[in-house]
Amino acid sequence: MKEEIKKILKISGLKSDDIFENFNMEIETGQNSINCILCFDGSASALLKIIGNVEDNFQGDIKINNGNSIVVYIPTKASSFPWLNVEENIKFVVDNSNFHLSNSNIQIQNIIDSVGLTGYEKHFPDNRSLGFRFRISLARALAVQPTIILIDNSFNNMDDETKFELYDLLKEISSNYNVSILLASADINEAIYLSENIYLMKGEKGKIIDQINLKEEWGKLSEENNSNRQIKLKEKILKSFLLNDVNNILKSQTRGK
Amino acid sequence: MSNKNTFFRKPFTLILFFLLIWVVLFQFVFVQNNFLPKPLIVYNSFSDLVNVYQLPSNFFFSVGAIAFSLLISVILLYFLRYYLLTRNFISEFLLSIYKLKYFIPVILIGIFFIFWFPHSIYAEYIFLTISSFIYLSGLMIKAKEGLENEYVIAAKSLGINSRKIYAEIEFKQLLPLLKDSFTTLHLNLWGLLIAYEYIQHTWGLGTIINNSIQYRDLSTLFSISLLICLTIISGNYILKFIFNRFIHWE
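Sequences listed follow chains A and B, in order. Residue numbers for the first sequence follow the numbering used here, beginning at 27 and rising by one. Residue numbers for the second sequence follow the numbering used here, beginning at -3 and rising by one.
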């Protein structure tokens, strides 16, 4: 059966202070997909903030899934409230959100179970436990029944084990909750592991320099083994950035190691 | 080495250490001196402190003034938190008054209070409450400017309204900072209280200090100073205990 392709996001004529000048972007993807904007400076973060409606200072048109969608932005730094426990964090959002939530459908315990925090309902988030706090942020996002979740470089300071646990969790969540995820990242391996589409973004004036559809790429490299496929894909991405004169790739990738 | 450091960092232990030195030096070594009284004289003069200087009523008056001003200013801070954390006339006005502390010693305002209400016992309570509230609110308004905004951004994205963001999220985010500043405020209030009562010379521990200086009563001066130090240290412990019960996050 052919997968239905839908347009989840269309940005046209975006202008914002020094970052974007007539920026255009379309994300057309299958249901419940994870897409990544790969970028080595702060422009992808700025874009996500604009899409997530937390930055008002811009001009242009942003259409999300026919206009009736809830978009939730998860910032780079941990943002779960440390004065509330896991359950209260989610309940606070359910009780105080201006989004018209159908409260009867929100099962807080189900959400807690889905993000892997069963048994930790009464635990308070520790500042140092980034994985735990990300799970709470994700649970709060799910509580408002979003169509798109925007994740802004949230895995930066986590150890590899936690990162991969969360990558798998995101894939599960995206499919179980019928939600698309748009991720801003500076880590090529992360983008390859998670995404259906990778959008390569150049910081200056916010320009999308290339789009890579991972399914197509895997198909082209089907004769190679998994490790070789990854290496070739990574080379392709790096080449694309270098051709477009993006200078800070090496620094950013070394930091990611 | 680290154990020694911990030992001297505990205020009660430090005071006990100095008391021990004082007992040894001034009871047995420097028997005749005008710097500090002999421990035995201080001990014997305690009944004078209670009966002549009316220590219990003056002590409770002063401690009451500190407790009242801290409590009322925290309550005011809580109920006015939304107006303090948004940019408006109230917050701008309080911040500008708070900044006056860089140019004007607060006790100067207290002197005017004494001039206007020379015999009022309430004026001192009002003066300390206003000082305490302006200190806390100014600190909060100023700290808000440097606040990391992840919580606010996340809340905005989750559709939380701005009133809730200011009153619930930013306020809670600032509480640990206020907790740390409370010790400083507590000490500053004691300084103001002693100076105020010393000048007004009607009630309180400052009045006892004033009298003891007038009567050249070194043992009373010494014991009242010691009592004030111990009260401040105990007050800090109580404040820390109360705050740690409610503010467990960083």
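Ideal placement from N, C-alpha and C gives every residue a C-beta, glycine not left out.
Check                                                                                                                                                                                        : Outcome
I want to see whether chain A comes within less than 9 angstroms of B:SER230, judged by CB atoms only; does it?                                                                              : no
Anyone know if the C-beta pair for B:LYS160 and B:ALA151 falls short of 9 angstroms?                                                                                                         : yes
Please report the straight-line C-alpha distance between B:LEU226 and B:LEU170, rounded to a whole angstrom.                                                                                 : 29 angstroms
Tell me the residue span of the beta strand (DSSP E) that contains A:ASP178.                                                                                                                 : 174 to 178
Which runs of the alpha helix (DSSP H), 4 residues or longer, sit entirely within the segment 99 to 184 of chain A?                                                                          : 112 to 122, 134 to 140, 156 to 169
Quick check: the segment 114 to 125 of chain A against the segment 192 to 205 of chain A, are there 3 or more CB pairs under 8 angstroms?                                                    : no
Do A:ILE88 and A:ALA169 count as a contact pair if the criterion is CB distance below 9 angstroms?                                                                                           : no
For B:LYS97 and A:ARG161, what's the separation of their Cα atoms in angstroms?                                                                                                              : 45 angstroms
Could you give the distance in angstroms between the alpha-carbon of A:ASN182 and the alpha-carbon of A:ASP213?                                                                              : 9 angstroms
Comparing C-alpha positions only, which one of B:LYS175, B:LEU154, B:THR203, B:ILE209 sits nearest to A:MET127?                                                                              : Looking at the sequence provided, one finds Leu at residue 127 of chain A rather than Met. Minimum Cα distance to A:LEU127 is reached at B:LEU154.
Quick one: grab the DSSP three-state call for A:SER42.                                                                                                                                       : strand
Would B:SER43 and B:LEU80 be called neighbours here (beta carbons separated by less than 9 angstroms)?                                                                                       : no
At what residues does the beta strand (DSSP E) containing A:CYS65 begin and finish?                                                                                                          : A:CYS65 -> no beta strand (DSSP E), and no H or E assigned at all.
Quick one: does A:SER248 have its CB under 9 angstroms from some CB of chain C?                                                                                                              : In the displayed structure, chain C is absent; the protein chains listed are A and B.
Out of B:SER69, B:LEU36, B:ILE205, state which residue places its alpha-carbon closest to the alpha-carbon of B:GLN50.                                                                       : B:ILE205
Rounding to the nearest angstrom, what Cα-Cα distance links B:VAL148 and B:TYR194 in this structure?                                                                                         : 47 angstroms
Verify the CB distance criterion: does A:GLY282 have a CB-CB separation below 9 angstroms to chain B?                                                                                        : Confidence at A:GLY282 is low in this model, with a pLDDT of 48, below 50, so its placement is unreliable and no value can be given for it.
Give the straight-line distance between the Cα atoms of A:GLY86 and A:ASN50, rounded to the nearest whole angstrom.                                                                          : 9 angstroms
What does a CB cutoff of less than 6 angstroms around A:ILE235 pick up in its chain, not counting 5 residues either side in sequence?                                                        : LEU226, LYS228, ASN270
Let me check one thing: in DSSP terms, what residues is A:PHE87 bridge-paired to?                                                                                                            : It should be noted that the sequence gives Asp, not Phe, for residue 87 of chain A. A:ASP87 pairs with A:SER38.
Check whether the segment 112 to 129 of chain B touches the segment 63 to 80 of chain B, taking contact to mean three or more Cβ pairs, one atom from each stretch, closer than 8 angstroms. : yes
Across which residues does DSSP place A:SER206 in a beta bridge pair?                                                                                                                        : A:ILE174
If you reduce the DSSP assignment to three classes, tell me which class A:ILE224 lands in.                                                                                                   : strand
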